[in-house]
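Residue numbering for the sequence shown follows my numbering, beginning at 39 and increasing consecutively.
Let me begin by presenting the structure, written as structure tokens, before commenting on it.
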Amino acid sequence: MTTLRIAVVAGARPNFMKVAPILRAMDSHGGFSAMLVHTGQHYDAALSDVFFEELGIRQPDVRLVIRGKSHGEQTGEILQETEKVFARGYLDGQPLDGVIVVGDVNSTLAAALAATKLQIPVAHVEAGLRSRDRSMPEEINRLATDAICELLLASEPAAVQNLENEGHPQDRVFLVGNVMIDTLQTFLPRARSLRATERFNLTPGNYATVTLHRPSNVDNPETLGRLIDVLVEISERLPIVFPVHPRTRSRLESGELLRPLEQATGIRLTEPLGYLEMLCLNSQAKVIITDSGGLQEESTALGIPCLTMRENTERPVTVTEGTSTLIGNDAARLKHELENVLTGMYRTGSCPKLWDGHAAERIVAVLHENLPDRRVGKSQAVVNRS
């Protein structure tokens with residue numbers, strides 16, 4: 039069996055839940071030697087190291103130190119540093135056969151660019167997701183990454199359709215399912231054993247979890263203030279646990295909005311939680327309120343109603359088939375939908391096709407079958423078929 043030398047790139051919190059099952063599947067397959075590259079995009083231990091410990095991810099073979107704050111600084115630094123890593127080749131000095139990038143963070147685009155410029159084929163996990171909102175940095179990363187990757191690994195049929203509409207050759211596009219759900223299914227029993235509801239004095243099935251971090255929700259003090267008012271009011275009837283992202287905490291403090299949350303007896307404020315503890319809480323919540331794409335997916339897999347604080351989503355299957363309802367950042371709409379949840383008038387859904395816990399196995403099979411024949415530029419040129 040041919041052994042492929044692969045660099046697997048991760049750098050931000052959402053990446054780790056995706057690379058964990060891929061690395062395990064590569065080890066089980068036997069046809070891969072994987073080099074794990076941590077770009078350091080999230081260098082806070084609460085946003086990075088805890089995930090290695092909880093998910094059993096081995097320590098990175100390469101750990102970069104990236105200190106850029108802006109999108110341009112981060113992307114530029116990661117591009118420079120990953121280019122050096124990829125140019126050196128695998129750990130044994132042999133050339134890399136491929137690079138895997140996941141998701142839509144700055145590390146995703148930068149590593150894909152570095153590898154492509156070195157003529158190393160790149161596979162993008164979660165290819166084809168589109169919000170059609172170019173004000174989101176993640177949307178730019180998604181579009182640019184897919185434009186240069188040799189293998190496009192999609193998690194849902196809408197993503198495949200997007201890629202076909204954009205003119206990507208069909209021999210590059212593969213529907214493999216959602217690798218995030220692999221991680222969820224693997225770790226859900228362990229997560230539930232943590233009894234996180236006891237820690238926060240919550241009754242299973244009778245509380246809400248809240249996460250907010252996107253600029254559209256937290257950067258405007260008036261918008262954020264109205265959302266906080268609704269959460270405080272609802273918490274009198276439905277307890278809320280609110281892990282506060284560092285960005286959100288900064289906005290709450292600067293807008294003098296932290297005190298109302300701290301004074302609300304029904305709200306449990308906490309620092310960002312590890313993956314397992316957050317999964318434990320989400321799996322037993324009455325409703326999830328979030329602007330996170332990953333939690334949209336988790337809520338659908340768990341069958342928990344999700345009020346998504348966004349006007350659009352790159353994961354439409356969570357709305358068309360799953361449990362997610364898009365509500366934007368309208369405080370009145372949030373209150374209305376929460377009232378619906380409290381009275382039992384909420385949408386139910388089903389788990390989408392191929393969200394079955396075996397996406398990583400399909401990804402590894404696609405890579406082993408297709409990477410040996412790939413070199414950048416070898417596939418047919420992209421032709422617009424829209």
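Where a beta carbon is used, it is the ideal one built from N, C-alpha and C, also for glycine.
All values derive from a computational prediction rather than experimental measurement.
The C-beta separation of T247 from L307 comes to about 12 Å, leaving the pair out of contact by the 8 Å criterion. Taking a C-beta distance under 7 Å as the contact criterion, L222 and E336 qualify as a contact pair.
The residue among N200, L129 and F90 with its C-alpha nearest the C-alpha of M73 is L129. Counting other Cβ atoms within 10 Å of its Cβ, E194 reaches 16 or more and is therefore classed as buried. Within the model, the alpha-carbon separation for L61 versus P52 is close to 15 Å.
The DSSP-derived three-state label of T308 is strand. Distance between G127 and P59, taken at the CA atoms: about 23 Å. As the crow flies, the alpha-carbon of G293 is around 13 Å from that of D267. If one requires a minimum length of 4 residues, the alpha helix (DSSP H) runs lying completely within the stretch 294-355 are 296-301, 313-321 and 331-340, in chain order.
Scanning C389, A161 and N216 for the CA closest to the CA of R412 turns up A161. Membership of F54 in any beta strand (DSSP E) is not indicated; the residue belongs instead to the alpha helix (DSSP H) covering R51 to H67. Note that the stretch 274-285 does not touch the stretch 391-410; fewer than 3 beta-carbon pairs, one per stretch, sit closer than 8 Å. Under DSSP, R43 forms a beta bridge with S71. Rounded to whole angstroms, the separation of the alpha carbons of T338 and M347 is 15 Å. F280: member of the beta strand (DSSP E) spanning I278 to P281, first to last residue. A distance of 7 Å or more separates the beta carbons of D184 and L250. Using a 10 angstroms sphere on the CB of K56, the tally of other CB atoms reaches 16 or more, which defines it as buried. In this structure, the alpha-carbon of A165 lies about 14 Å from that of V355. Going by DSSP, H162 is part of the beta strand (DSSP E) stretching over V160 to V163.
Per the coordinates, the alpha-carbon of M174 lies some 43 Å from the alpha-carbon of M39.
Taking the Cα positions, H206 is about 14 Å away from R180. Taking 4 residues as the shortest admissible run, the stretch 187-242 contains the following complete alpha helix (DSSP H) segments, listed from N- to C-terminal end: 195-203, 217-230 and 234-237.
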